[in-house]
Amino acid sequence: MMWRKKMTTRYVFDTAKVFRAAMQPLAGIYSYFKTTPNGLDTDEVKDRNRQYGPNDIAHEHRKNPILLFISAFINPFTGILTALAIISFILDVAMAAPGQKNWTSVIIISGIIIISAILRFWQETKARLATNGLMKMVTNTCSVLRSGEPEQEIDICELVPGDLVRVAAGDMIPADLRIIESKDLFVGQSSLTGESEPVEKVSVPENVSENTGNVLELKNICFMGSNVISGTAKGIVFATGSHSYLGTIAKTITNKRVTTAFDKGISKVSYLLIRFMLFMIPFVFLINGFTKGDWLQAFLFAVSVAVGLTPAMLPMIVTGNLAKGAITMSKKKTIVKDLNAIQNFGAMHILCTDKTGTLTCDRIVLERYLKADGQDDEDKQVLRHAYYNSYFQTGLKNLMDQAILSHVKELGMENVKDQYTKVDEIPFDFQRRRMSVVIEDRNGKRQIITKGAVEEMLSICSFEEIKGKILPLEPERKDRAEKVSRALNQEGMRVLAVAQKSFPTKDHDFAVKDENEMVLIGFLAFLDPLKPSATEAIKQLHENGVEVKILSGDNDIIVKNVGRQVGIDTRLAITGMEIEHLTDDDLKPIVRKCKLFSKLTPLQKTRIISLLQNQGNTVGFLGDGINDASALRQADIGISVDSAVDIAKESADIILLKKDLLVLEAGVIEGRKTFGNIIKYIKMTASSNFGNMFSMMVASAFLPFLPMLPVQVLIQNFLYDISQVVIPFDRMDPEYLRKPRIWDASDLSRFMICIGPISSIFDITTFLILWYIFGYDSQVHQSFFQSGWFIEGLLSQTLIVHMIRTPKIPFLQSRATWPVTLLTLVIMAVGIGIPYTSIGRSLGFGSMPLNYFPWLFGILLAYCLTIQFVKKIYMRRLHRWL
5 MMWRKKMTTR YVFDTAKVFR AAMQPLAGIY SYFKTTPNGL DTDEVKDRNR
55 QYGPNDIAHE HRKNPILLFI SAFINPFTGI LTALAIISFI LDVAMAAPGQ
105 KNWTSVIIIS GIIIISAILR FWQETKARLA TNGLMKMVTN TCSVLRSGEP
155 EQEIDICELV PGDLVRVAAG DMIPADLRII ESKDLFVGQS SLTGESEPVE
205 KVSVPENVSE NTGNVLELKN ICFMGSNVIS GTAKGIVFAT GSHSYLGTIA
255 KTITNKRVTT AFDKGISKVS YLLIRFMLFM IPFVFLINGF TKGDWLQAFL
305 FAVSVAVGLT PAMLPMIVTG NLAKGAITMS KKKTIVKDLN AIQNFGAMHI
355 LCTDKTGTLT CDRIVLERYL KADGQDDEDK QVLRHAYYNS YFQTGLKNLM
405 DQAILSHVKE LGMENVKDQY TKVDEIPFDF QRRRMSVVIE DRNGKRQIIT
455 KGAVEEMLSI CSFEEIKGKI LPLEPERKDR AEKVSRALNQ EGMRVLAVAQ
505 KSFPTKDHDF AVKDENEMVL IGFLAFLDPL KPSATEAIKQ LHENGVEVKI
555 LSGDNDIIVK NVGRQVGIDT RLAITGMEIE HLTDDDLKPI VRKCKLFSKL
605 TPLQKTRIIS LLQNQGNTVG FLGDGINDAS ALRQADIGIS VDSAVDIAKE
655 SADIILLKKD LLVLEAGVIE GRKTFGNIIK YIKMTASSNF GNMFSMMVAS
705 AFLPFLPMLP VQVLIQNFLY DISQVVIPFD RMDPEYLRKP RIWDASDLSR
755 FMICIGPISS IFDITTFLIL WYIFGYDSQV HQSFFQSGWF IEGLLSQTLI
805 VHMIRTPKIP FLQSRATWPV TLLTLVIMAV GIGIPYTSIG RSLGFGSMPL
855 NYFPWLFGIL LAYCLTIQFV KKIYMRRLHR WL
């Protein structure tokens, strides 16, 4: 919207057009918008409908479930597994001799493909469920004036630029309007600005220059999606549908979502593992072909090695971890729409949040009431007069009036109607920024009581009341009053002044001119108070490595005060007006260092998040209004609340059932647990498979037979993968959870190269023991050799789970959860037992003698000690493990 200079986007809201509309004088308003005082005629409506299209908001369309299911199979690993399954079917089934058909490989690989695709389809379906939230933001009909026809109700989709529209209390604004007539019109823009206090809209032209400032602050423009709190108005439609302010925001969420940190990370890891596989398999094939002379058998073995190298369970393990995280988070008042967002939670190290309702309570309270000299109003004179003013006014009782009226019991005003009679009222208007009531007590004492903005109130006051005395409001006293107001503003409070005048000479028909020579009696200071948990939540997020930035539409004084109270550095702050004139290159270093942003437009929020992401940050955004939808969509993780508007919830990845940063902090920790368990599996499997396949290459070069049959490789890999399915239920060390975690493919490659070959050392040791000590050195003893290495390879792979899952000493300083430990023991028992069964014999295994197992125990113990030793060196040099 606001960054034409450098940043490119398909959807740019024409702010200059809005400012020009706001500047037009009423005398030439109809000609400017090419309409008439009676509205458009039928032919013109048809022409403009063809030109601008229906007054409809774009929204995210549901995707065909069949296409979603098909897309679940489109994955690098799934493609490789599918190719391997086809090859296995051709060689083991289609081309096999009668009685020798072997479906084992085909069934195992196909089962993994189908289960992974189903899980991914379920995940994608949840993530893509779209609502019709945007359509709910507007009413179905509106009142329109058209030439030659009486005022009528029409479907809002039929509105076109130039239409004359009437709105009243309770209506939603059906399009972007320029107000040309109004009476006591107050509009709620909280869904657009995030601020709950209604604003007055008037018809007078704005004294602004084109494209300067925040369009949401224009007093004669109403935007589609806001609602009329009170009053009536007539306006000219100047933007509809996708050309409106709301429409521009809506279109940013219907695009394909930006690639998140999770998506980028998983892609990098996937392609790294595939490159390793494509590099090693030709070597295995060629070595076995040349050394054994049986090229078909060498090809079958290479295919088995490919399956062994492929972390086939990766999609299932990732989805299982994310699903487990989603269930845990649901118990902590957090609903996960997109499973991938859980990991992004853990990776997030910058959280951008609005102020209202997140750090503050989203309600106005009367914090202080002071005398004219700034002293506390101990006898409640100021509060009492403010109460009369708010109670007897007939106009809109805003949030500050409600805060005043909540003191009814404190003031003993339950029977105020019996004590005072309302004589007259001078309503609030935008120019005066104050309102007055005239009341009379039982004794006939009549008073004008006025409250309003400090500057406007001081302009009508000639006196002040100090300690019961009426004194002239001399310049120095006026300066003192202004200083009191400024001091309260700097504390983040909104200030109203209260004045009164007793015994006015007239008894009816009071008007603005009667608001003169008033007596200033004091000030009211209002505050949207901090949530009790806000400071502690910011502190905990900071301790967990998450930097919090406030992105607010509120003014800079209030934002700075809130930031100061919750412990955020306020030295660097910037406003939307300043951002407007900066290029992306100029703004990049500012958004990284600055923590407070005020007076922002919705698309400025999106711009800030995008620039943070461009600098390698994983960014979360918490928001709940229409104004937040685009930013929610742009962020790596969009967070909203269940009370948010539909468009915000549609744009978000995660919905909080409680708008509290402490809930968010719990989600961050859960995200890091989920990420840690995913990384465990990837590092375990990648390093273990790499080491095993390296051992395969060495063994293939020197053995007169295959070190393991293709089906035995598949069974070993399958049992190992089964042992990993409980990884989502494992715990993470507390130290790991203290920092954000991101994907790093380069670290994985280092880990594979450093840790993987260690297992090869002990594999080769096993080969030598089986060859020289047990005498399995010929084709006759092939099945025993293969059984011995099968058992050693499976047990070392399974034990590596406990060695890699923690940087600490396993079993002593850090223990896995009981499901992980139990399944480890079960798989080890199955692996040892298979060669002694008829199934094992049918797979080509031989029963190992008992004197093999002491050697096996020694090999595994030495393997674990070596891994622990290398682990210490690795962490000392690279300062990381998982």
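Using the numbering used here, read the sequence shown as starting at 5 and increasing by one per residue.
Where a beta carbon is used, it is the ideal one built from N, C-alpha and C, also for glycine.
Coil, strand or helix - residue i by DSSP
i	result
Ala3	This structure leaves residue 3 out entirely; the chain is present only between 5 and 886.
Leu498	Per the sequence shown, residue 498 should be read as Arg rather than Leu. Of the three classes helix, strand and coil, the one that applies to Arg498 here is strand, per DSSP.
Tyr36	helix
Ser440	strand
Leu138	Since pLDDT at Leu138 reaches only 33, below the 50 mark, its modelled position is unreliable, and the value read off the structure follows with that caveat. Residue state, collapsed to three classes: helix.
Ile643	strand
Leu466	One detail in the question is off: residue 466 reads as Ser in this sequence, not Leu. Strand, per DSSP.
Ala705	helix
Glu201	coil
Glu429	strand
Ile730	The amino acid occupying residue 730 in the given sequence is Val; Ile does not appear at that position. Correct three-state label for Val730: coil.
Gln619	coil
Asp18	coil
Leu713	coil
Lys662	coil
Ile871	helix
Gly624	strand
Val212	coil
Leu723	helix
Tyr856	helix
Ala26	helix
Gly3	As shown, the chain starts at 5 and ends at 886. That puts residue 3 outside it, with no answer to give.
One or two residues paired with residue i in a DSSP bridge
i	result
Met176	Asn231
Leu300	Its beta-bridge partners do not exist; DSSP assigns none.
Arg182	Ile225 and Ile240
Glu157	Ser147
Gln451	Ile443 and Ser506
Lys187	Thr236
Phe601	Leu555 and Ile578
Gly192	Asn231
Near the ligand SAM: residue i beta-carbon under 6 Å from a heavy atom
i	result
Met688	This structure does not include the ligand SAM; it has no bound ligands of any sort.
Inter-residue CB distance, residue i and residue j (contact presumed, cutoff 8 Å)
i	j	result
Ile731	Val824	7 Å
Phe190	Ser234	5 Å
Val563	Leu600	5 Å
Lys421	Ile443	11 Å between Cβ atoms; not a contact.
Gly174	Val232	7 Å
Gly329	Thr622	Between Thr622 and Gly329 the Cβ distance is about 16 Å, and since that is not below 8 Å, they are no contact.
Ala820	Asp734	6 Å
Lys626	Thr362	Note that residue 626 corresponds to Leu in the displayed sequence, not to Lys. About 6 Å; that satisfies the 8 Å criterion.
Gln423	Arg446	7 Å
Gly620	Asn218	In fact, because the Cβ distance is near 30 Å, the residues do not count as touching under 8 Å.
Met852	Ile795	7 Å
Val37	Gly166	The sequence shown places Phe at residue 37, not Val. Going by Cβ atoms, the distance from Phe37 to Gly166 rounds to 5 Å, so yes, they are a contact pair.
Leu886	Lys653	34 Å between Cβ atoms; not a contact.
Query raised in the report: Taking only runs of the alpha helix (DSSP H) that begin and end inside the region 784-839, which ones reach a length of at least 4 residues, in chain order?
Result: 786-808 and 822-837
Requested in this report: Give a yes or no on contact between the region 328-341 and the region 661-675, applying the rule of three or more CB pairs nearer than 8 Å.
Outcome: yes
Query - Inter-stretch contact at 8 Å, needing at least 3 Cβ pairs: the region 200-215 / the region 171-191 - result: yes
Query raised in the report: Counting pairs of Cβ atoms below 8 Å between the region 407-421 and the region 544-561, do you hit three or more?
Result: no
Report task. Mind the definition here: the region 516-530 touches the region 375-393 only if three or more C-beta pairs lie below 8 Å; say whether that holds. Result -> In short, these stretches touch, since the Cβ pair count reaches three.
Query raised in the report: Taking three-plus beta-carbon pairs below 8 Å as touching, is the region 539-554 in contact with the region 454-474?
Result: no
Query - Inter-stretch contact at 8 Å, needing at least 3 Cβ pairs: the region 288-299 / the region 701-709 - result: yes
Requested in this report: With a floor of 3 residues, list each beta strand (DSSP E) that falls wholly inside the region 499-581, ordered by position along the chain.
Outcome: 522-531, 551-555 and 577-579
Query raised in the report: Just checking, does the region 541-556 make contact with the region 353-360 on the three C-beta pairs under 8 Å criterion?
Result: yes
Requested in this report: May I have a chain-ordered list of the alpha helix (DSSP H) segments no shorter than 4 residues that lie completely inside the region 312-399?
Outcome: 318-334, 344-351 and 385-396
Query raised in the report: Using 8 Å as the Cβ pair cut-off and three pairs as the minimum, do the region 481-490 and the region 409-418 touch?
Result: no
Query raised in the report: Counting pairs of beta carbons, one from the region 741-748 and one from the region 781-791, are three or more of them closer than 8 Å?
Result: Counting C-beta pairs closer than 8 Å gives fewer than three between the region 741-748 and the region 781-791, which falls short of the contact rule.
Query raised in the report: Quick one: any contact between the region 392-403 and the region 148-158, if contact means 3 or more CB pairs under 8 Å?
Result: no
**Report entry** the region 491-511 / the region 470-480 touching (three or more Cβ pairs under 8 Å)
**Finding:** no
Query raised in the report: Is the number of C-beta pairs between the region 860-878 and the region 805-818 that are closer than 8 Å three or more?
Result: yes
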